[in-house]
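K.L.:
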Amino acid sequence: MTEEASAVAQEGVSSVEKTHDIPSDWSPNILAFACHYCAFAAADLSGVMRLSYPTNVKIIRLPCTGKLDHIYILRAFEKGIDGVFAAG
Amino acid sequence: MNDLKSGSNLEKVLSAGHFAFTGECGPPKGANIDHLKEKIAHLKGMVDAVNITDNQTAVVRMSSWAASAILIQEGIEPNFQMVCRDRNRLAIQSDILGAYAVGIRNMLCLSGDHQRFGNHPQAKNVFDIDSMQLIALAKKMRDEGKFLNEEELDVAPRLFIGAASNPFADPTEFRVYRLAKKIASGADFIQTQCIYNMDLFRDFMKKAVDMGLHEKCYILAGVTPMKSVGMAQYMAKAVPGMDVPESLINRLRGAGKGKTAEEGIKFALEQIEEFKEMEGVAGVHLMAIEWEHKVPEIAERAGLLPRPKV
Amino acid sequence: MIVGKQKPFEVIWDMIKEYKKVLIFGCNTCVAICHEGGNKEAEILASMLRMKAKQEGLEMEIKNRGIERQCEHEFFDSANEQIEWADAVLSIACGAGVQFTAEKWPKKIILPGLNTTFIGVVERPGLFAERCLMCGDCILHLTGGLCPIARCSKSLLNGPCGGSSKGKCEISKEVDCVWDMIVRKKMEQGRLEDLLRITPAKDWQTSRDGGPRKSVKEGLVE
Amino acid sequence: MSNSSSSSDKRVRGSVLIAGGGVGGMQSALDLAEAGFKVHMVQKDSSIGGTMVMLDKTFPTGDCAMCMISPKMVEVGRHLNIDIHTFAEVLSVEGKPGDFTVRVVQHPRYVDSAKCTGCGLCEQKCPKKVISGYEQGLIERKAIYSLFPQAVPSTRVIDKDNCIFFQKGKCRACEKLCEAGAIDFDQQEEEIELKVGAIILSPGLDRYDAKVRQELGFGRWPNVVTSIQFERILSASGPYRGEVKRPGDGKHPERIAWIQCVGSRDRHNANPWCSSVCCMYATKQAIIAREHDDHIAPTIFYMELRAFGKDFDKYVDRAKNDYGVKYQRAMVSAVREEPGTGNLILRYAKEDGTLVDETFDLVVLSIGFQPHSDVKDLAKTFDIELNEHRFPKTTQFRPIDTSRDGVFVSGIFQSPKDIPETVMQGSAVAGRTMALLSEARGSEIVTKELPPETDINGQEARIGVFVCHCGINISQTVDVEQVVESVKGEQGVVHAENVIYACAQDSQDKIKALVREKELNRVVVASCTPRTHEPLFQDTIRDAGLNKYLFELADIREQCSWCHMGQNEDATEKAIRIVKMTLAKSRLLEPVSTDSVSVIPAAMVIGGGVAGIIAALSLGDQGFDVHIVERETELGGLARNLFYTLDKSDVQEFLKAKIDEIQAHPRIILHTGTEVKSTNGFVGNFKTTLTDGTSFEHGAIIVATGGIEYEPTEYLYGENDRVITQRNLEKRLAVGHGVRSGEKFVMIQCVGSREEPDNYCSRICCQDAIKNAIAIKEKSSDAQVVIIYRDIRTYGLRETYYSKARDLGVIFVNYIPERKPQVEVSEDKLRIKAFDYMLSRDVEFEADWLVLSTGLRPHPTTEEVGKIYKLTCNPEGYLLEAHVKLRPVDFPSEGIFLCGLAHAPKNLDETISQAMAAAGRAGVILSQDKLAVSGIISKHNRDMCMSCLTCFRLCPYGSPYIDEEGKVSHNEVKCMGCGICASICPAKAFQVNNFKDEQILAMIDTLADGMNM
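If you're matching them up, the sequences are chains A, B, C and D in order. Basically the numbering used here = 1-based index in the first sequence + 45. Basically the numbering used here = 1-based index in the second sequence + 4. Basically the numbering used here = 1-based index in the third sequence + 1. Basically the numbering used here = 1-based index in the fourth sequence + 140.
Okay, structure coming up:
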């Protein structure tokens, strides 16, 4: 065990994740990153087919999911978005 | 080889042309000298010298030179092992002087197992010098009466210098050259790694003899009797540089329940018989790990008793 | 190049949590190449720490920026303002960069975000491996271009030891036995005799054992 | 717009008529239009798309067919130089190659396409339901309808026969609802006259009517469906939304049977040819069905498994091993319904001859292709000859030329084939046409003249926002006015309003006017998807002098109003959020200047076999310089060992003629006895050095490195000189060796093919064996020929030669690889023992000759050439194309194309088609003066870059490179804008135009700002 790891273990530093109680009326805000060519097209098609899903899903179009930067996901969570969906 | 370098019993036995027989003992994991005395009592009179290991497998035990000193008190000749892992050249030289001062006359020079799998993997290792350089250093102190830095020392530690050789480690084709290097560095005797692959060892010895190495140095063949099939399998798989042929494992397995230890001893005895006749082999180093009480029996059955008085 | 590894997130958090304004300070040369300490990692780390602060209910401001190299005075100019702003700077440069930042800002709290691990190469993309221990007295001409000081677990100069097995070191099957490689290379080159000579004990004075080192380039030094 | 010089008295016209708007026709249209030709596409249906749009997914990748073809349709629909005439038919063709006059009849849609915005409201409100032909009768559509949701054009059409107004004189609901006023019940049939230089026929085929085979129960038992119905059943946008259900009762079937060859390979009840695609589509359907519902146990009843294409056998193995698809070799003699359950009982004979009844939940009939019933009229209209099977008459050496000069044919209309081969022929006819009309290239195309771009440098954002009602498509769910109100006062917004149809001409004009009037420097439209409409609006603002990348589209229809119907409040809130996110990005938009690079109008063709020869000739005829690099001293490649084709055409004569043409061609430079040493550069600008030291510049590369024949070690080959290969036999027969009466020939198929280590079908061997067998029989009718085979794979029209061989008395013996034939030599005679799997007994033949049908292998140089250009090979060593379906002759790297055996084993006519396709594709590039670099590319900041090589290693297109200074630079010409470099760069030295981090982060922040937390 490294000095650091043992420090973590001994001092009981809190873990990265913190859990919260979820209120019963809560609904998540979800951000999807979608590849222009496939997932964004699929989202369009679901509209064309009038398939319904909750309004708390918003989509940001990327030229390819290869463009999905770590910071996009982190920024979303940082700003309080509850779920990030990457599709491509 | 008439002028004795150290005058140790082992050196005398070998120089007199006897087939040498050495044993081995690990110091206690604590300051319990009674247990140490109990273990070495089995070896008294059975062997020409007893190797005292130096924090073997990087597990901390009583210091090898202190344990060696206890052996001397008990009238048994120690073969003091020293590894390069735990000391720099200052400590090494001072320990050599101290060892000699308490009456130690044999020293086996080793690099030492890496601490990673010992009981203090957090340790910083030293390896200021390696085993080859340790041999040369001991020889320099003894023969030139100088420290490594060329400074004169007053009384030279007259040690019988030993080194280890593992014919089975890789690259095997280089092993005999490494043996030659150790001899050139100043090794007076060699103790080999435990031998199980006799074919490979025969081949190794043939090369050594062809190079005349046996004339420059005494080579003691390493023998460790197998206690069980499990031990054989463990050594085959887990111990680096150990070559345990499948045929031997099968032989032990074939011996049947409760008879494997006896089969292991039988194999060791067959080996010793062969080593007696093998050109270039000057003796046997028996590493009966935690089986010291079996040494008298093995010595007896191998026809190695009584040990010569020289 | 110098290879580093980010400290565990919890350890970093523990270091910075008492400060109100923290700058995550990247270095865009060696440690950026190993994807541990460049602009991108600074950006990611800052974001994660901001989230952590929020979860812990702490009022903290955490920003990020990077400079070309934290081991040279001139590059710092562009970051002065932000360093000035911060209560504490978490440098994710190598140990040299962290210290140089600390020297330049003696009153600032400068914290290390990386563990500086070794001087190495990019063996494969994403796989960095140690090659040099900076002993100050290179012997690669003797050992076929393979350094036993850095790459033998015991730094043996007269290897291989008896633990060498199938080209691997006794400490792990993941670690190559460099002495096995040296012997084979010398044999292939027909220069085995080089290895039959005994290498004497090394003079470690040129290494760190001789104390902290400096190097002077005549003509450049002011 | 302006016409760039056209004169009616010129002999050769720079325009082309394409009859048919399927995937092949679209490929031809795009290739030709891009290469500088005006295209008129005439399509009988109300939308382009053809057969492929009906398919659910395509094998082997499982890509959604619509997802692949829809962008192509949009591209065709929007292309400035492609005029689409849907719901139209050709009436007559007069004239000669280079100058045809075509009369086209435009049937009335009763919807004015100039006014219709495609919003689809009329369709929703139309009260009349009609059985949907597109959905294969499984559900209903309306009387005013669009063929399918992604139809191009999206203009609806009124089905007069079913329209209540037309039939009963009242209703006009659509007319009342259409805000655009596009309904026109008075529309009349119109005739148009088109002047074109060449004609391409690509009208596709019809499908066999499964009702003819009464014993199979289609039309009688509801749970017997056709394969095309099953495609719709599988489709997520199909009648059951992708749920595998049976039409009879909506139950989920588990035991599904496919019956192959329904309407194919049957001279008595149906069509004699093999439809080429059914074995593979049935396999695909079985796999996809299993993927939808893993309770499904598929069984495919087949007679010959024709997995002859590249990697097809592997796909079948996957079906068997990974999906548990059972392949039952049996002829199903009858299907009847089990009373009460709707299940179906299939009667068939097992291998051992016993008759079995097996029950299934659903039966799929794999129906084949056949020419449309009116094909004779069509042939008359175009004045082309048909062959005995009512397909256009073509030859092995001129597979895409009809009997009429200047009229070419492609796709399944030429003969049954799959999608990639159709696409390939689409490019091939394009290349053929480009060569024919080369002198008129560019003469009839229109180019757009644009005003200079306004410099917005340093300006604050001045954004105009236009929120679209889309009739009521958006406004019935989203409160459009509220959206407008919500953005007024947002930072940078200087104008916001709502419009009924943003895409309508009046709105476009309004946007342009407002850009000028209010000095807008960004425009946001909130309407439908950017995938179809962004280019339109980009053009609009460009017309108003703004850089087109200053436009941003907020999708509040597909991704808001349409999927949140009835949730007006929430949908409005979401729409506001989407628009605000778009605004946040818009403020940070920057003009993007698109570079262009010049093109060297020359090509290099690597390989001088038939593929290389044909490609070189086509390119030379198109007017480009061509360098052929052939490592041997002679041209011809493997074809030098071929003597005649299945249709008895003389290969050597053909080859000699083509080589003569090459040698006489003023534009073709031959480099023989040498190889490529190195090539530098990129699309449009390559420089190659050969091993002989020659070097030259060129704009495109065609890789035609060819193949070699497998040299057998099996069956005593090389030990006994009576054991020969098909090629040896062909030569003997060709050079005049007679065949003795009673001479005995035994042929063994699949020698060195379809088995490890070369587990793939070599495609050519079955027809080779049959070709030689027929030749033997024709020389001596009482000679004995036995063909010992695994599956006879005489796909397409080749099947008729299989029948002919049987009629001539050739004996066919089926073996399985587990029990291969054995060969013995006794008293100078060869004895071949085999186990006849079909008859389940041992058979033995004496033979004078044992003929081995040996497979093909890629040429060893293929791998080397692949390394030079970083092309990947499949495990067998054949080069991998950019996309197996839609880009069959392209590589992922631009400017490099593929044809011939280097791609996969194929027959001579297919090689010729593919070579012309490669030449067509290369011609598209070489015909450009300048290649425009896309605007959406990654920009590299060299100051921030420390050359860590991460991008260099990860870029799929090889655009980052190590420059002369030894540092990483970025070749923007190769960049496709995927952004992998930007997302992985540890120094953040890359940003993708229009998708910059700050732009995306601004969107994220804006989304988060509006959340109720």
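For each residue, glycine too, the CB sits at the ideal point set by N, CA and C.
Tell me whether the beta-carbon of Q565 of chain D lies closer than 8 Å to the beta-carbon of Q554 of chain D.
P.N.:
To locate residue 565 of chain D, count along the fourth sequence from 1; it is residue 425. To locate residue 554 of chain D, count along the fourth sequence from 1; it is residue 414. Cβ atoms of Q565 of chain D and Q554 of chain D: closer than 8 Å.
K.L.:
Looking only at DSSP bridge pairs, what is S667 of chain D linked to?
P.N.:
Counted from its first residue, the fourth sequence places residue 667 of chain D at position 527. Beta-bridge pairing links S667 of chain D to D:D695.
K.L.:
Tell me the rounded alpha-carbon separation between T831 of chain D and V750 of chain D.
P.N.:
The sequence position of residue 831 of chain D within the fourth sequence is 691, counting from 1. The sequence position of residue 750 of chain D within the fourth sequence is 610, counting from 1. Cα-Cα distance, rounded: 23 Å.
K.L.:
Does the distance from the CB of L261 of chain D to the CB of N613 of chain D come in under 8 Å?
P.N.:
The residue you call residue 261 of chain D lines up with position 121 of the fourth sequence. The residue you call residue 613 of chain D lines up with position 473 of the fourth sequence. Against a cut-off of 8 Å, the Cβ pair of N613 of chain D and L261 of chain D comes out as a contact.
K.L.:
Tell me where the alpha helix (DSSP H) around T722 of chain D begins and ends.
P.N.:
Counted from its first residue, the fourth sequence places residue 722 of chain D at position 582. 708 to 727 is the extent of the alpha helix (DSSP H) around T722 of chain D.
K.L.:
Using 8 Å as the threshold, is the region 228 to 244 of chain B in touch with the region 286 to 300 of chain B, meaning 3 or more CB pairs across them?
P.N.:
With the cut-off at 8 Å, the region 228 to 244 of chain B and the region 286 to 300 of chain B touch.
K.L.:
Quick one: Cα of R151 of chain D to Cα of V634 of chain D, how far?
P.N.:
Walking along the fourth sequence from the start, residue 151 of chain D turns up at place 11. Walking along the fourth sequence from the start, residue 634 of chain D turns up at place 494. Near 55 Å, if we compare the C-alpha coordinates of V634 of chain D and R151 of chain D.
K.L.:
If you count every other CB in all the chains shown that lies within 10 Å of the CB of H206 of chain C, and 16 or more means buried, which is it?
P.N.:
One-based indexing of the third sequence puts residue 206 of chain C at position 205. For the sequence presented, residue 206 of chain C should be read as Gln rather than His. Burial call: exposed.
K.L.:
Just to check, is the beta-carbon of Y935 of chain D closer than 7 Å to a non-hydrogen atom of the ligand GTP?
P.N.:
Inclusion of the ligand GTP in the displayed structure is not the case, the ligand content being empty and no account of it being possible.
K.L.:
Any beta carbon of chain A sitting closer than 8 Å to that of I63 of chain C?
P.N.:
Along the third sequence, read from residue 1 onward, the residue named residue 63 of chain C stands at position 62. Closer than 8 Å: no.
K.L.:
Who are G121 of chain C's beta bridge partners in DSSP?
P.N.:
Here residue 121 of chain C corresponds to residue number 120 of the third sequence, with the count starting at 1. Beta-bridge pairing links G121 of chain C to C:E131.
K.L.:
Considering only residues of the region 959 to 1038 of chain D, which uninterrupted beta strand (DSSP E) runs meet the minimum length of 3 residues and lie entirely inside it, listed in chain order?
P.N.:
Fully enclosed beta strand (DSSP E) runs of 3 or longer: 962 to 966, 969 to 976, 981 to 987, 989 to 994, 996 to 998, 1036 to 1038.
K.L.:
Taking only beta-carbon positions, decide if H635 of chain D is within less than 8 Å of chain A.
P.N.:
Taking the fourth sequence and counting its residues from 1, the one referred to as residue 635 of chain D is at position 495. Judged by the 8 Å Cβ criterion, H635 of chain D is not in contact with chain A.
K.L.:
Is D1145 of chain D close to chain A, meaning its C-beta is less than 8 Å from at least one C-beta of that chain?
P.N.:
Counted from its first residue, the fourth sequence places residue 1145 of chain D at position 1005. Yes, contact with chain A.
K.L.:
Please name the residue in D:F1092, D:M1116, D:F822 whose C-alpha comes closest to that of S1074 of chain D.
P.N.:
Stepping through the fourth sequence from its first residue, residue 1074 of chain D is reached at position 934. The candidate whose alpha carbon is nearest that of S1074 of chain D is D:M1116.
K.L.:
Cβ closer than 8 Å: which chain B residues qualify as neighbours of L197 of chain C?
P.N.:
Within the third sequence, the letter at position 196 stands for residue 197 of chain C. Residues of chain B passing the Cβ test: Y181, A184, K185.
K.L.:
What residues in its chain sit with their C-beta under 6 Å from that of A228 of chain D, if we drop five residues either side in the sequence?
P.N.:
On the fourth sequence, position 88 is the one that residue 228 of chain D refers to. Excluding residues within five positions, the ones whose Cβ falls inside 6 Å are V182, V244, Q246.
K.L.:
Tell me, please, whether the CB atom of R125 of chain C is closer than 8 Å to any CB atom in chain A?
P.N.:
Within the third sequence, numbered from 1, the residue matching residue 125 of chain C stands at position 124. No, R125 of chain C lies away from the interface with chain A (no Cβ there is under 8 Å from its Cβ).
K.L.:
How would you list, in chain order, the residues of chain D whose beta-carbon sits under 7 Å from the beta-carbon of P108 of chain A?
P.N.:
Here residue 108 of chain A corresponds to residue number 63 of the first sequence, with the count starting at 1. Neighbours of P108 of chain A on chain D, chain order: I1076, G1117, C1118, G1119, V1132, F1135.
K.L.:
Put T124 of chain D into one of helix, strand or coil per three-state DSSP.
P.N.:
Any answer about residue 124 of chain D is impossible in this case: the structure gives chain D only from 141 up to 1153.
K.L.:
Would you give the residue range spanned by the alpha helix (DSSP H) that C262 of chain D belongs to?
P.N.:
As a first step, residue 262 of chain D is located in the fourth sequence; it is residue number 122 there, counting from the start. It spans 261 to 265 - the alpha helix (DSSP H) in which C262 of chain D sits, taken as one unbroken run.
K.L.:
Using a Cβ-Cβ cut-off of 8 Å, state whether D66 of chain A counts as contacting chain D.
P.N.:
Residue numbering aside, residue 66 of chain A sits at position 21 when the first sequence is read from its first letter. So no, D66 of chain A is outside the interface.
K.L.:
Go ahead and pull the three-state DSSP assignment for N1134 of chain D.
P.N.:
The residue labelled residue 1134 of chain D in the question sits at position 994 within the fourth sequence. If DSSP states are grouped into helix, strand and coil, N1134 of chain D belongs with coil.
K.L.:
Quick check: is the beta carbon of L158 of chain C nearer than 8 Å to any beta carbon in chain B?
P.N.:
Within the third sequence, the letter at position 157 stands for residue 158 of chain C. Answer yes: the Cβ-Cβ gap between L158 of chain C and chain B drops below 8 Å somewhere.
K.L.:
Would P1096 of chain D count as contacting chain C if we go by Cβ distances under 8 Å?
P.N.:
Locating residue 1096 of chain D in the fourth sequence gives position 956, where the first residue counts as 1. Not an interface residue.
K.L.:
Can you give me, in chain order, the residues of the region 85 to 99 of chain A that have a beta carbon less than 9 Å from any beta carbon in chain D?
P.N.:
Residues passing the 9 Å Cβ filter: F85, A86, A87, A88, D89, L90, S91, G92, V93, M94, R95, L96, S97, Y98, P99.
K.L.:
Enumerate in chain order the residues of its own chain whose CB-to-CB distance from E223 of chain C is below 6 Å, with the five nearest sequence positions on each side excluded.
P.N.:
Counting from 1 along the third sequence, the entry for residue 223 of chain C is found at position 222. None.
K.L.:
Have a look at V1029 of chain D and F325 of chain D and give me their C-alpha separation to the nearest angstrom.
P.N.:
The sequence position of residue 1029 of chain D within the fourth sequence is 889, counting from 1. The sequence position of residue 325 of chain D within the fourth sequence is 185, counting from 1. Distance between the alpha carbons of V1029 of chain D and F325 of chain D is about 46 Å.
K.L.:
In angstroms, rounded to a whole number, what distance separates the CA positions of R671 of chain D and H81 of chain A?
P.N.:
Position 531 of the fourth sequence, counted from the start, is the residue given in the question as residue 671 of chain D. Position 36 of the first sequence, counted from the start, is the residue given in the question as residue 81 of chain A. Computed Cα separation, rounded: 8 Å.
K.L.:
Can you tell me which of the three DSSP states S635 of chain D falls into?
P.N.:
Residue 635 of chain D sits at position 495 when you count from the first residue of the fourth sequence. In the sequence on display, residue 635 of chain D carries His and not Ser. If DSSP states are grouped into helix, strand and coil, H635 of chain D belongs with the strands.
K.L.:
Listing by chain order, which chain D residues have their CB less than 9 Å from the CB of G121 of chain C?
P.N.:
Sequence index remark: in the third sequence, residue 121 of chain C carries index 120 (1-based). Residues of chain D passing the Cβ test: none, with the nearest at roughly 14 Å.
K.L.:
Counting pairs of beta carbons, one from the region 142 to 152 of chain C and one from the region 117 to 128 of chain B, are three or more of them closer than 8 Å?
P.N.:
Too few Cβ pairs lie closer than 8 Å, so no.
K.L.:
Expressed to the nearest angstrom, what Euclidean distance is found between the alpha-carbon atoms of A54 of chain A and K8 of chain C?
P.N.:
Start at 1 with the first residue of the first sequence, and residue 54 of chain A comes out as number 9. Start at 1 with the first residue of the third sequence, and residue 8 of chain C comes out as number 7. Confidence at A54 of chain A is low in this model, with a pLDDT of 48, below 50, so the placement of that residue is unreliable and no value is reported for it.
K.L.:
Using the Cα positions of S583 of chain D and A173 of chain D, report the straight-line distance between them to the nearest angstrom.
P.N.:
By one-based count along the fourth sequence, residue 583 of chain D stands at place 443. By one-based count along the fourth sequence, residue 173 of chain D stands at place 33. Their Cα atoms are separated by approximately 12 Å.
K.L.:
Can you tell me whether DSSP reads I108 of chain B as helix, strand or coil?
P.N.:
Here residue 108 of chain B refers to the residue found at position 104 when the second sequence is read from its first residue. If DSSP states are grouped into helix, strand and coil, I108 of chain B belongs with coil.
K.L.:
Please classify G57 of chain A: is it buried, with 16 or more other beta-carbons within 10 angstroms of its beta-carbon, or exposed?
P.N.:
One-based indexing of the first sequence puts residue 57 of chain A at position 12. Confidence is the limiting factor: at G57 of chain A the pLDDT is only 47, short of 50, which leaves the residue's position unreliable, though a coordinate-based value still follows. Exposed.
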